[in-house]
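**Student:** Take a look at the following structure, please.
4 protein chains.
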Amino acid sequence: MSGSSFGNTIKITTWGESHGEALGVVIDGFPAGLPLCDEDIQIYLNRRKPGQSKFTTARSEGDKVEILSGVFEGKTTGTPISLMVRNMDQHSKDYGNIAHSFRPGHADYGFYEKFGFRDYRGGGRSSGRETIGRVAAGAVCAKLLKTLGVEVFAYTKSIGDIKISKFELGERDINPLAMPDSDAAKLAQEYLEACIHDSESAGGVIECVITGVPAGIGDPVFDKLDAKLAQALVSIGAVKGVEIGDGFAAAKSIGSLNNDCFELDEKGKIIKSTNHSGGILGGISDGDDIIVRAAIKPTPSISKKQHTVNEQGEELDIEIHGRHDPVVVPRAVVVVEAMCAITICDAMLSHMTDRVDYIKEFYNN
Amino acid sequence: MSGSSFGNTIKITTWGESHGEALGVVIDGFPAGLPLCDEDIQIYLNRRKPGQSKFTTARSEGDKVEILSGVFEGKTTGTPISLMVRNMDQHSKDYGNIAHSFRPGHADYGFYEKFGFRDYRGGGRSSGRETIGRVAAGAVCAKLLKTLGVEVFAYTKSIGDIKISKFELGERDINPLAMPDSDAAKLAQEYLEACIHDSESAGGVIECVITGVPAGIGDPVFDKLDAKLAQALVSIGAVKGVEIGDGFAAAKSIGSLNNDCFELDEKGKIIKSTNHSGGILGGISDGDDIIVRAAIKPTPSISKKQHTVNEQGEELDIEIHGRHDPVVVPRAVVVVEAMCAITICDAMLSHMTDRVDYIKEFYNN
Amino acid sequence: MSGSSFGNTIKITTWGESHGEALGVVIDGFPAGLPLCDEDIQIYLNRRKPGQSKFTTARSEGDKVEILSGVFEGKTTGTPISLMVRNMDQHSKDYGNIAHSFRPGHADYGFYEKFGFRDYRGGGRSSGRETIGRVAAGAVCAKLLKTLGVEVFAYTKSIGDIKISKFELGERDINPLAMPDSDAAKLAQEYLEACIHDSESAGGVIECVITGVPAGIGDPVFDKLDAKLAQALVSIGAVKGVEIGDGFAAAKSIGSLNNDCFELDEKGKIIKSTNHSGGILGGISDGDDIIVRAAIKPTPSISKKQHTVNEQGEELDIEIHGRHDPVVVPRAVVVVEAMCAITICDAMLSHMTDRVDYIKEFYNN
Amino acid sequence: MSGSSFGNTIKITTWGESHGEALGVVIDGFPAGLPLCDEDIQIYLNRRKPGQSKFTTARSEGDKVEILSGVFEGKTTGTPISLMVRNMDQHSKDYGNIAHSFRPGHADYGFYEKFGFRDYRGGGRSSGRETIGRVAAGAVCAKLLKTLGVEVFAYTKSIGDIKISKFELGERDINPLAMPDSDAAKLAQEYLEACIHDSESAGGVIECVITGVPAGIGDPVFDKLDAKLAQALVSIGAVKGVEIGDGFAAAKSIGSLNNDCFELDEKGKIIKSTNHSGGILGGISDGDDIIVRAAIKPTPSISKKQHTVNEQGEELDIEIHGRHDPVVVPRAVVVVEAMCAITICDAMLSHMTDRVDYIKEFYNN
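Protein sequence lines correspond, in order, to chains A, B, C and D.
Start counting the first sequence at 1; every next residue gets the next number (the numbering used here).
Start counting the second sequence at 366; every next residue gets the next number (the numbering used here).
Start counting the third sequence at 731; every next residue gets the next number (the numbering used here).
Start counting the fourth sequence at 1096; every next residue gets the next number (the numbering used here).
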């Protein structure tokens, strides 16, 4: 089954394993004429790079992107953009009994049953390193979106039970947890230190706000804008839930409170007086900020002793040592941003062929 | 944009509007040789039929399915199965100022901006009637799944704040709210009567349990089994959130509690001691029950006065009268089941080509 | 395998068998706002209708199209257009030993091996009647193309050895063989009468000329405009070869003769001095007329005695009686036109997102 | 538009330009467990390498393949196989007036109109070097096919007017024109020397024979096996025509001659007494050898003076010097083989889900 591609008009295909030669992405269908250089992509990759604080793995990864195709004289050509990051750190090591045991909370057992064997080095394809390709592609899409007035901004909403209660501009980019609330971040750090001390790990929630998307983007049925965002987010490893707008709280609300009334702003533009919908109604953008959230489970790799089974069908106890994030939420923030950027960019391009009058204007000009 | 199809190996394409001539679905790629008759499909359609209690719209819809192709001598032929339901009730009526106003909580405004105009009769393509095609296709996929030992079972988990606290076998199919807890159902009915009295509507949560899926189904990246389920569920109108397994609660848990340990059952089969994962790890089934939940928002059509804007760009107040479910949750239960059945069925077929040894055995036999 | 769909931005899905309840097509992704009525489609369907001369089957088929969805107040809505034609003539009859024998030149044996059994009534899904859905979809696409200045015009180029040697405007639509050369048509009719007399059948070549496609349409690699046209044409039953421009003759030519020089017309527009390329270079339209040809094999159903094998694995002789075209070329002309219209229309819509400046102009207007 | 992918169950995506950093392919959906090493792929790439005789360009290209992902411990893992070839020879040079002129017979003008500008270095994405990715992917698919008893074998059928008239085993791999007839090859070499002397180029026809495909592979409608082969072949640059079996000759034949009778071989297996169909009937394999042909036009790059227009809209004369094949046919033979291998492999995998009994056997074992 060919499940490594995402998108329609713009289609990205990621490839690569945690400890293989390299990882990368091919972006096909991207329009010609966008100025693009390594640095545009590197900025995004650096945000997911490990080793930036004690709360993320200390693995040293250069993660330097190389543009292999699709850019000529500094601009995209309209042909596939191939981006690659070499793995610097794929030296073989002794995985001990972990190599052939099914780590709890990991995809090991599923992979083994699916493919008959698996690349046990760092999870192979199921490693978080697979997201390098997504982040690289997301950087390219985000750059195009910016020229259209669309901004995609994600941040840590909560870690464990600690939730942000204010939004400090700029704070996301300076605190190690990507929380836009310095007080919550402090509490969360204390919580994570306790987790580390206990050989434990934590989860959290990432929220993403997308501004500037005009009304009318998305599709009424299976490719609803929120359905594609949901697929995009749940396709990130460790995500166990997704919400749009009020999400699960909407299920407890009542019609008159949950509906957003339409009104006119001072310029006569249609706006909504509230945004319970999270910017999407019936699968189509309503012109308001698009708001989605993803629930991230605790990192499954913990050094506590865990009971499991190996490939030989024997029960045993394992401890997972090595470089593991006690929480993946901060590094996943840019992955969420990337997936949202790809999804929105693809939908906005698709919209251009929605009406006969658009087509006639394009061709009869 | 062509967004009315879902699935890869089995691909369904729905068509039709609330007040058009008919609605239907084409199921392409469905294997040859499954016994199939109208009744197999009608049973599912009857579960979503309106008018079954005071908590669902009184609109009288026959919703008789017609098999137009793909079945010969009582068995599927391997060619497209075309299923159609005629609309009995599409007589024109006076929609008054609703015809050209944007109903709060509805897709009206997005449709108008997307397509330049819209079918205002009952929401057109964004109507819940679009799900007829999904339910019909889901019935066919569920029948195939049953022959493989897979059962898909959804039910109302909560309405408003009222949540089930026990699971009574058989209860789902006899109470009007599809709740498998007769006590909770009673409370929920009282709550809904209060909603009706107040010209209000309610939401709720649907849970779906899928049993019998072997480990190894799904895909590691964008087409993760849970990512496709998330798309499938959020593509149902009114769904604002999705959870797999512990969902958002996992974000507050810690590694050792959230991880499910593997062990051997008495027959030596690998099982898990808990099921926080909801049967899916890293996008691939782990052999346990698959558990997903969808949050349904309150029905946006309420007879309370609401403020909005019309197509002429004027503000106004509207009241939406007519046949509307005060809560869509009970009728959406079978839609959730259908979408899960389609997704699982498609993924199980895809798995058959995952290994060279499967392929060699198939061809060299 | 789900192989009943064609196209990307506009995706058509056909369904139905020769002797089933009905046949049809769902056109998904078609833009909103095109005026469309039954008659627009019926005109095309009438051109493929049988019984129009002694050279086509006498089967009486009404072939009245019904628009089931996607059109509101006389215009396309942007949602799936579902078109259906009821089979009038599917009464069961005695197929004798043909029911379970593999007819030479037909798909019977392949179907049987593929699906394990087959619908023997008139070929089921492999019948030429499957093209009803294509022609209906082609009519819709051709109407959109006309508003963009694009015309798709196919005709019989040859039947057996008899080839047209002139092009008489209007002649195609009045002679029963769709040949734009009245003299050749006369000779071809004599040839066909001899074929009928000998219990034989004939083949021929259809040519299609598409005018008005601007330069820049198509794609450089797998979805080359001519590659998609080739798939479109060979997907029509009985087509055994395809040519673009000079086709196989180009293989015998030399570079300086086969290359088309570019020059400027009196208005300064870039044109070519010759058109050996058939309007496509490197998979992308060059602004010239697009010219393709399809080779149609002789109708495999003949009343002559033929040797074959049946499902029981016994050799036997069969004679195929009933309503069969001695030549399918004239009726296939509109099918070729339809497939070309769908392919070109889809490619022209796709082009709208090829450049960042197009996208910026669209969104920043 | 995202047109750089081909295939369904197995999907390949090529990327890269003639003078970019590298070229490559991602093979997604390829099954786990096939032994695979660089050498398996290099053998195929060497067959398309330039500089092997005076009839192919003297450009020195190492074309060493690198496996970047999808192989672990010498076997495919089921995850994307990423293959890359570095361009060794992409030093900038002075393209003179060719850089901004539209070369006759090339895609230059179409690219310019499509994307607004183009990579003029060696044709960029429209270069024959794009086929490196196809050949690499074809090598992998051919290896899998071999384990299933399927062989794909292509050769030069004709160059200019010189056609093979015998089939000498082994001759294809030793003569520089890939012709399996040493006498025809000698004549063809004389013809090509004359072409070179005259600053001319030549075309030809490639035939591909695929043996061992069982009956029942393919699909009845748009994804007919021959329709996909036609797309696959015409998607190779310079191909202007395609035939299956008797091809255009069938159009002149009559039913009783063109139909292949079925009979039983000595073991009771169903075979055909002739093979006019080229192994495919109604889009589905009939168990016989599959035979397809592609017509290749003369190399458009010739050093003769040619008239054209430049990007500034001025007419001018150009001469194209440098390393160009006087005929691309011999090097395209392996590209044809690769595209056929990919197409057949994909179709054979798809067939595994065609029947409910196959699925039940797979899952209930």
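Ideal Cβ positions, reconstructed from N, Cα and C, are used throughout, including at glycine.
(1) Could you tell me which chain A residues have their CB closer than 7 Å to the CB of K589 of chain B, listed as they occur along the chain?
(2) Considering C1075 of chain C, what are the terminal residues of the alpha helix (DSSP H) in which it resides?
(3) Using the DSSP secondary-structure output, state which residues sit across from F262 of chain A in a beta bridge.
(4) Go to V574 of chain B, then tell me how far its beta strand (DSSP E) extends in each direction, as first and last residue.
(5) Helix, strand or coil for K440 of chain B per DSSP?
(6) How about Y112 of chain A: is its C-beta nearer than 9 Å to some C-beta of chain B?
(7) For G1124 of chain D, which of B:H716, B:S642, B:N730 has the nearest alpha-carbon?
(8) Measure the CB-CB distance between V328 of chain A and G128 of chain A and report whether it falls below 9 Å.
(9) Could you name the residues of the same chain whose beta carbon sits closer than 6 Å to that of K1392 of chain D, not counting the 5 residues immediately before and after it, in chain order?
(10) Measure the C-alpha to C-alpha separation of I619 of chain B and S201 of chain A and round it to an integer number of angstroms.
(11) In the structure shown, what three-state DSSP assignment does F248 of chain A receive?
(12) Would you identify the three-state DSSP class for K186 of chain A, choosing helix, strand or coil?
(13) Evaluate I408 of chain B with the Cβ neighbour count: other Cβ atoms within 10 Å of its Cβ, from every protein chain shown; 16 or more gives buried, anything less gives exposed.
(14) List the residues that DSSP assigns as beta-bridge partners of T14 of chain A.
(15) From P1175 of chain D to D183 of chain A, what does the alpha carbon distance come to, in whole angstroms?
(16) On the premise that R1142 of chain D lies in contact with V1429 of chain D, defined as a C-beta separation below 8 Å, what is that separation, rounded to the nearest angstrom?
(17) Based on the DSSP output, what are the partners of E608 of chain B in its beta bridges?
(18) So, helix, strand or coil for F371 of chain B, using DSSP?
(19) At a Cβ cut of 7 Å, what residues of the stretch 393 to 412 of chain B count as close to chain D, listed as they run along the chain?
(20) Any chance the stretch 892 to 909 of chain C sits against the stretch 1022 to 1039 of chain C, with 3 or more Cβ pairs inside 8 Å?
(21) Could you tell me the distance, in whole angstroms, from the CA atom of D1321 of chain D to the CA atom of G846 of chain C?
(22) Is the separation between the beta-carbon of L448 of chain B and that of G389 of chain B shorter than 9 Å?
(23) Using the rule of at least 16 other Cβ atoms within 10 Å of the residue's Cβ for burial, across every protein chain shown, is P585 of chain B buried or exposed?
(24) Mind checking who V1039 of chain C pairs with in its DSSP beta bridge?
(25) Alpha carbon to alpha carbon, how far is I742 of chain C from K522 of chain B?
(26) Kindly provide the ranges of any alpha helix (DSSP H) runs that are 4 or more residues long and lie completely inside the stretch 93 to 161 of chain A, ordered along the chain.
(27) Measuring only the C-alpha atoms, how far is D1133 of chain D from M88 of chain A?
(28) Going by DSSP, what residues sit across from K893 of chain C in a beta bridge?
(29) Take Q682 of chain B as the anchor and find which of B:I463, B:S369, B:C710, B:V599 has the nearest alpha-carbon.
(30) Helix, strand or coil: how does DSSP classify L257 of chain A here?
(31) So which residues on chain B does S82 of chain A lean against when the C-beta distance must stay under 8 Å?
(32) Can you say whether L144 of chain A is buried or exposed, counting buried as having 16 or more other CB atoms within 10 angstroms of its CB?
(33) Could you spell out the range, first to last residue, of the alpha helix (DSSP H) harbouring I1089 of chain C?
(34) Could you round the C-beta distance between V1022 of chain C and C938 of chain C to whole angstroms and report it? I think they count as a contact, below 8 Å.
(35) State the start and end residues of the unbroken beta strand (DSSP E) segment that holds L45 of chain A.
(36) At what residues does the alpha helix (DSSP H) containing L233 of chain A begin and finish?
**Tutor:** The relevant details are as follows:
(1) Looking up residue 589 of chain B in the second sequence gives position 224. Neighbours of K589 of chain B on chain A, chain order: V234, S235.
(2) Here the question's residue 1075 of chain C lines up with position 345 in the third sequence. Looking at the DSSP string, the run of the alpha helix (DSSP H) that includes C1075 of chain C is 1059 to 1081.
(3) Residue numbering aside, residue 262 of chain A sits at position 262 when the first sequence is read from its first letter. In the DSSP assignment, F262 of chain A forms a beta bridge with A:K272.
(4) Start at 1 with the first residue of the second sequence, and residue 574 of chain B comes out as number 209. The continuous beta strand (DSSP E) containing V574 of chain B extends over residues 569 to 576.
(5) To locate residue 440 of chain B, count along the second sequence from 1; it is residue 75. K440 of chain B falls in the strand class under three-state DSSP.
(6) Reading the first sequence from its first residue, position 112 is the one you call residue 112 of chain A. For Y112 of chain A, the answer is yes, since a Cβ of chain B falls inside 9 Å of its Cβ.
(7) Start at 1 with the first residue of the fourth sequence, and residue 1124 of chain D comes out as number 29. Of the candidates B:H716, B:S642, B:N730, the one whose C-alpha sits nearest the C-alpha of G1124 of chain D is B:H716.
(8) Residue mapping note: residue 328 of chain A aligns to position 328 of the first sequence, counting from 1. Residue mapping note: residue 128 of chain A aligns to position 128 of the first sequence, counting from 1. Yes, the pair counts as a contact, with Cβ atoms nearer than the cut-off.
(9) The residue labelled residue 1392 of chain D in the question sits at position 297 within the fourth sequence. Closer than 6 Å at the Cβ level, and outside the excluded window around K1392 of chain D, lie G1298, A1333, K1335.
(10) What you label residue 619 of chain B is simply residue 254 of the second sequence in a count that begins at 1. What you label residue 201 of chain A is simply residue 201 of the first sequence in a count that begins at 1. Those two C-alpha atoms are separated by around 5 Å.
(11) On the first sequence, position 248 is the one that residue 248 of chain A refers to. DSSP places F248 of chain A in the helix class (H, G or I) of the three-state scheme.
(12) For this step, residue 186 of chain A is matched to residue 186 along the first sequence. Taken through DSSP and simplified to helix, strand or coil, K186 of chain A comes out as helix.
(13) Taking the second sequence and counting its residues from 1, one reaches residue 408 of chain B at position 43. The residue is exposed, with fewer than 16 neighbouring Cβ atoms inside 10 Å.
(14) Your numbering for residue 14 of chain A matches position 14 in the first sequence. The beta-bridge partner set that DSSP reports for T14 of chain A consists of A:V25.
(15) The sequence position of residue 1175 of chain D within the fourth sequence is 80, counting from 1. The sequence position of residue 183 of chain A within the first sequence is 183, counting from 1. If you take the alpha carbons of P1175 of chain D and D183 of chain A, they lie about 43 Å apart.
(16) Locating residue 1429 of chain D in the fourth sequence gives position 334, where the first residue counts as 1. Locating residue 1142 of chain D in the fourth sequence gives position 47, where the first residue counts as 1. Taking 8 Å as the upper bound for CB-CB distance, V1429 of chain D and R1142 of chain D are in contact here, some 4 Å apart.
(17) Position 243 of the second sequence, counted from the start, is the residue given in the question as residue 608 of chain B. Looking at the DSSP assignment, E608 of chain B forms a beta bridge with A:G241, B:R658.
(18) Counted from its first residue, the second sequence places residue 371 of chain B at position 6. F371 of chain B: strand per DSSP, three-state reduction.
(19) Residues P396, A397, G398, L399.
(20) Cβ pair count under 8 Å is below three, so no.
(21) The residue labelled residue 1321 of chain D in the question sits at position 226 within the fourth sequence. The residue labelled residue 846 of chain C in the question sits at position 116 within the third sequence. Cα to Cα, the separation comes out at about 21 Å.
(22) In the second sequence, residue 448 of chain B corresponds to position 83, counting from 1. In the second sequence, residue 389 of chain B corresponds to position 24, counting from 1. Cβ atoms of L448 of chain B and G389 of chain B: closer than 9 Å.
(23) In the second sequence, residue 585 of chain B corresponds to position 220, counting from 1. In this structure P585 of chain B is buried. Its beta-carbon is surrounded by 16 or more other beta-carbon atoms within 10 angstroms.
(24) Translated into positions along the third sequence, residue 1039 of chain C becomes position 309. Per the DSSP secondary-structure output, V1039 of chain C pairs in a beta bridge with C:E1045.
(25) As a working mapping, residue 742 of chain C is identified with position 12 in the third sequence. As a working mapping, residue 522 of chain B is identified with position 157 in the second sequence. The alpha-carbon atoms of I742 of chain C and K522 of chain B are separated by roughly 39 Å.
(26) You should have 108 to 115, 131 to 147.
(27) One-based indexing of the fourth sequence puts residue 1133 of chain D at position 38. One-based indexing of the first sequence puts residue 88 of chain A at position 88. Taking C-alpha positions only, D1133 of chain D is separated from M88 of chain A by approximately 21 Å.
(28) Along the third sequence, read from residue 1 onward, the residue named residue 893 of chain C stands at position 163. Note: K893 of chain C sits in a beta bridge opposite C:S888.
(29) Your numbering for residue 682 of chain B matches position 317 in the second sequence. It should be noted that the sequence gives Asp, not Gln, for residue 682 of chain B. It is B:I463 whose Cα lies nearest to the Cα of D682 of chain B.
(30) What you label residue 257 of chain A is simply residue 257 of the first sequence in a count that begins at 1. Of the three classes helix, strand and coil, the one that applies to L257 of chain A here is helix, per DSSP.
(31) Here residue 82 of chain A refers to the residue found at position 82 when the first sequence is read from its first residue. Residues of chain B passing the Cβ test: none, with the nearest at roughly 17 Å.
(32) Residue mapping note: residue 144 of chain A aligns to position 144 of the first sequence, counting from 1. Counting Cβ neighbours within 10 Å, L144 of chain A comes out buried, since at least 16 surround it.
(33) Sequence index remark: in the third sequence, residue 1089 of chain C carries index 359 (1-based). For I1089 of chain C, the enclosing alpha helix (DSSP H) stretches over residues 1086 to 1094.
(34) One-based indexing of the third sequence puts residue 1022 of chain C at position 292. One-based indexing of the third sequence puts residue 938 of chain C at position 208. Indeed they touch by this definition, with Cβ atoms about 5 Å apart.
(35) The sequence position of residue 45 of chain A within the first sequence is 45, counting from 1. First-last for L45 of chain A: 38 to 48, but that is the alpha helix (DSSP H), not the beta strand (DSSP E).
(36) If you number the first sequence from 1, residue 233 of chain A lands on position 233. The continuous alpha helix (DSSP H) containing L233 of chain A extends over residues 225 to 234.
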